[in-house]
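For reference, the structure is listed below as structure tokens.
Numbering (our numbering), first residue to last: 97 to 171.
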């Protein structure tokens, strides 16, 4: 058995490159539109007790914990 652990694998995916690969694979335009809205425009904040951090928009990466993200990472 061989195991491979990719540290921060989902955080390193460049969204524009992924969308380009989907265009090359001839994914329908309506699906590209949905995937683009799913991948872009995300904002993160950290909540500790009553304090909140400044909202941050990640420059790259896939949302973690979803089946769609693992499929897109495989591409």
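All C-beta atoms in this analysis are idealised placements derived from N, C-alpha and C, irrespective of residue type, glycine included.
Check	Outcome
Suppose you measure from the CA of residue 141 to the CA of residue 161; what does that come to, to the nearest Å?	17 Å
Where DSSP assigns a beta bridge to residue 156, which residues make up the other side?	Residue 156 pairs with nothing; no bridge assigned.
According to DSSP, is residue 109 part of a helix, a strand, or is it coil?	coil
Tell whether a beta-carbon distance below 8 Å holds between residue 118 and residue 131.	yes
If residue 126 sits next to residue 165, beta carbons under 8 Å apart, how far is it from one beta carbon to the other, in whole angstroms?	That pair is no contact at about 20 Å.
For chain B, find out if any of its Cβ atoms is closer than 8 Å to the Cβ of residue 100; answer yes or no.	Note that chain B does not occur in the displayed structure, where there is just one protein chain.
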